[in-house]
Each structure stands twice: as C-alpha cells, then as structure tokens.
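Chemist: Counting along the sequence shown from 1, when you hit position 27 you're at 27 in my numbering, and nothing is skipped either side.
A single structure is presented below for examination.
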Amino acid sequence: MEAAGVTMIRLSKEELKKWEEEFSMNISDIHRAFPNAFDMNMYQNIQKLVAPMRK
C-alpha cells in the first residue's frame with residue numbers, strides 16, 4: 001500500500017486502545033441499526049483470537 005502512495009499512520013498504544021473502545025461501541029450500535037451490516041459471530045471470533053496478542 002505504501003508503494004501505491006498510501007501514508008501509513010502508526011498509532012500509539014493509548015490511541016489504539018481508544019480507537020478500539022470507540023469501534024467496539026460503534027459496531028454494536030451499527031449492528032443494532034443494520035443487523036446484516038457485519039457478521040457479528042465472525043467479528044466476535046476474531047476478537048477472541050486477537051485478544052491475547054493485544055496484551
């Protein structure tokens with residue numbers, strides 16, 4: 001992606017944690033409003049899979 005001209009933004013641990021918290025709240029709200037927008041089972045499985053990597 002960088003070769004195509006995309007500038008990568010590296011978040012600090014604090015910024016990433018805040019983004020994850022906001023995204024988690026937003027995805028729940030979106031799912032309630034539009035139940036077919038995301039595969040929530042897959043999303044939850046991914047969250048469980050990556051949780052140990054975030055520690």
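We put the beta carbon where it would ideally sit given N, CA and C, even for glycine.
Hey, how far is the Cα of residue 38 from the Cα of residue 25?
Modeler: The alpha-carbon atoms of residue 38 and residue 25 are separated by roughly 14 angstroms.
Chemist: Using the Cα positions of residue 32 and residue 48, report the straight-line distance between them to the nearest angstrom.
Modeler: Cα-Cα distance, rounded: 21 angstroms.
Chemist: From residue 41 to residue 50, what distance separates their C-alpha atoms?
Modeler: The straight-line gap from Cα to Cα measures roughly 14 angstroms.
Chemist: What would DSSP say about residue 1, mapped onto helix, strand or coil?
Modeler: DSSP places residue 1 in coil when its eight states are reduced to three.
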